[in-house]
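Engineer:
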Amino acid sequence: MVFDCHSDLFTDVTVKMLKGEKDIIKNHYLDKLNKGGLIGGIYVIWIDPPYDKCPDKRVKQIVDCLTQEINSNSDIIHQVRNFSDFEKGLKENKLSIMVGMEGLSYIGEDVDMLHYFYDVVGARHASLTWNEQNALATGVGGDPSRGLTEAGQNAIRKLEELKMLVDVSHANEKSFWDIINIASSPIIASHSNVKSLSNHRRNLTDDQIKSIAESGGLIGMNGYRDFVDRKIWQKADVKDLVNHIDYIADLVGVEHICCGFDFSGFIDQDCLSAFLEDTSNPNVLGLKEFEDTPNLIKELQKRGYTKYEIDNISYKNAFRVIKQVIGNSKL
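In this note's numbering, the protein residues as written are 1378 to 1708.
1) Give the secondary structure of Thr1388 by DSSP, where H, G and I count as helix, E and B as strand, and everything else as coil.
2) Could you give the uninterrupted runs of the beta strand (DSSP E) lying entirely in the segment 1629-1682, keeping only those of 3 residues or more?
3) How is Trp1554 classed by DSSP in three states: helix, strand or coil?
4) Relative to the C-alpha of Gly1485, which candidate in Lys1471, Gln1510, Val1545 has its C-alpha closest?
5) Could you check what DSSP says for Gly1417 in three-state terms: helix, strand or coil?
6) If we count the other Cβ atoms within 10 Å of its Cβ and call it buried at 16 or more, is Leu1395 buried or exposed?
7) The beta strand (DSSP E) with Val1476 in it runs from where to where?
8) Cutting at 6 angstroms between CB atoms, please list the residues of its own chain near Ile1422, excluding the five before and the five after it.
9) What are the start and end residues of the beta strand (DSSP E) that includes Leu1536?
10) What does Ile1564 pair with, by DSSP beta-bridge criteria?
11) Among Gln1611, Ile1596, Ile1699, which residue has its Cα nearest to the Cα of Val1602?
12) State whether the segment 1564-1574 contacts the segment 1508-1528, with contact taken as three or more CB pairs (one from each stretch) at a distance under 8 angstroms.
13) Here's the rule: buried if 16 or more other CB atoms are within 10 angstroms of the residue's CB, otherwise exposed. What is Ile1622?
14) Go ahead and pull the three-state DSSP assignment for Ile1688.
15) In or out: Gln1585 buried (at least 16 other Cβ within 10 Å) or exposed?
16) Could you check the C-alpha separation between Ser1384 and Lys1535 for me, to the nearest Å?
17) Less than 7 angstroms between CB atoms is the rule here; does Ser1522 satisfy it with respect to chain B?
18) Using a Cβ-Cβ cut-off of 6 angstroms (strictly less than) and excluding sequence neighbours within five positions of Ser1562, which residues of its own chain qualify?
19) So for His1492, helix, strand or coil by DSSP?
20) Buried or exposed for Pro1432, going by 16 or more other Cβ atoms inside 10 Å?
21) With the cut-off set at 7 angstroms, would you say Ile1453 and Lys1403 are in Cβ contact?
22) Within 10 angstroms of the Cβ of Asp1429, are there 16 or more other Cβ atoms? Answer buried if so, exposed if not.
23) Would you tell me roughly how many angstroms separate the C-alpha atoms of Gln1456 and Leu1386, rounded to the nearest one?
24) Sort out for me which residues DSSP pairs Met1378 with in a bridge.
25) Closest to Leu1481 by C-alpha separation, out of Ser1504, Tyr1495, Asp1462, Val1497, would be which residue?
26) Indicate the three-state DSSP secondary structure (helix, strand or coil) for Ala1590 in the structure shown.
27) Kindly give me the distance between the Cβ atoms of Ser1461 and Asp1400, rounded to whole angstroms, as I take these residues to be in contact under 8 angstroms.
28) Straight-line CA distance for Leu1708 to Leu1539?
29) Contact check, Leu1472 vs Ile1699 under 8 angstroms by CB: the rounded distance?
30) Grab me the residues of Lys1409's own chain with a C-beta within less than 7 angstroms of its C-beta, minus the 5 sequence neighbours each way, in chain order.
31) Using the rule of at least 16 other Cβ atoms within 10 Å of the residue's Cβ for burial, across every protein chain shown, is Lys1468 buried or exposed?
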């Protein structure tokens, strides 16, 4: 079993639904997810370029589409609003989807809007920014000297009040440390790797990794080639990704590692070109599609990881932290 702590699949659900399709996950992805052993994940609301220029409009479209997709496919999808929903999803053999928010550009400084996304949409996860600089915080594409604003500090406090998972992937270093200094709950970097192994702006320094571990949090392994090895990115494969797992395990322990694959083969190339030089499938060889996930498990087995350790990396670490943060919340 594998729990993916970062999926942009709602992006494709929105694109296809706006073209008149329905039941997108069932018709296009369910078989692939099942072959990959994926039992669910954090499926995010992400304002995909070029719609990041008008996030208010796009977020309404995405929320409408994901709500329709979840509600009309209750036979295969179970939305996670509290931890017991994972147990229910597993028992009923359904895909357990926890709605997340990758960036909050669409709320401006109105932190109270988080109540709507919690209560109505059912979101249980959020990062303050994608790559952009917004009213709350600064992403990796923003001013390196700028971190959280006062509204951003309030947003972190509100997220913790609501018992939502706080994600630091995409935050620049200043925002990262501002978040660490405010947050009291475990922090995750849902889809970021090790900067010492691949010097990408989205990867984490050793000090950042240690700080996430000290919070009781997690780092989700990202399958993007240039996050894995910028020097050989065209040939980077599953073995190179497992090098990041080895590194983090040696640095802070296996208990702080999870999966955050960021599969992107379904994302439109015009969209990918907004943040990638190469718009072909950006994921590493051997882990390009949902059904490839067993290749990661096999490589971990070859490296000598025990079943206990592999289960922790695959889903149990994520379950532990999510249970600690969201608990059995009010809905």
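Where is the CB? At the ideal position from N, CA and C, for every residue including glycine. Note that the structure is predicted; figures quoted are calculated from it, not measured.
Structural biologist: Short version:
1) helix
2) 1634-1636
3) helix
4) Gln1510
5) strand
6) exposed
7) 1472-1479
8) Ile1439, Met1478
9) No beta strand (DSSP E) contains Leu1536, which is instead part of the alpha helix (DSSP H) from 1527-1538.
10) Val1543
11) Strictly speaking, residue 1602 in this sequence is Arg, with Val absent from that position. The shortest Cα separation from Arg1602 among Gln1611, Ile1596, Ile1699 belongs to Gln1611.
12) no
13) buried
14) Residue identity differs from the one stated: residue 1688 is Asp in this sequence, not Ile. Three-state result, Asp1688: helix.
15) buried
16) 24 angstroms
17) This model lacks chain B altogether; it includes just one protein chain.
18) Glu1537, Val1702
19) helix
20) buried
21) yes
22) buried
23) 14 angstroms
24) Answer is none; Met1378 lacks a bridge partner.
25) Ser1504
26) helix
27) Ser1461 to Asp1400, Cβ: 26 angstroms. No contact.
28) In this prediction, Leu1708 has a pLDDT of 39, which is less than 50 and means its spatial position is unreliable; nothing more can be read from the coordinates.
29) Not confirmed; about 16 angstroms, so no contact.
30) Glu1666, Phe1667, Glu1668
31) exposed
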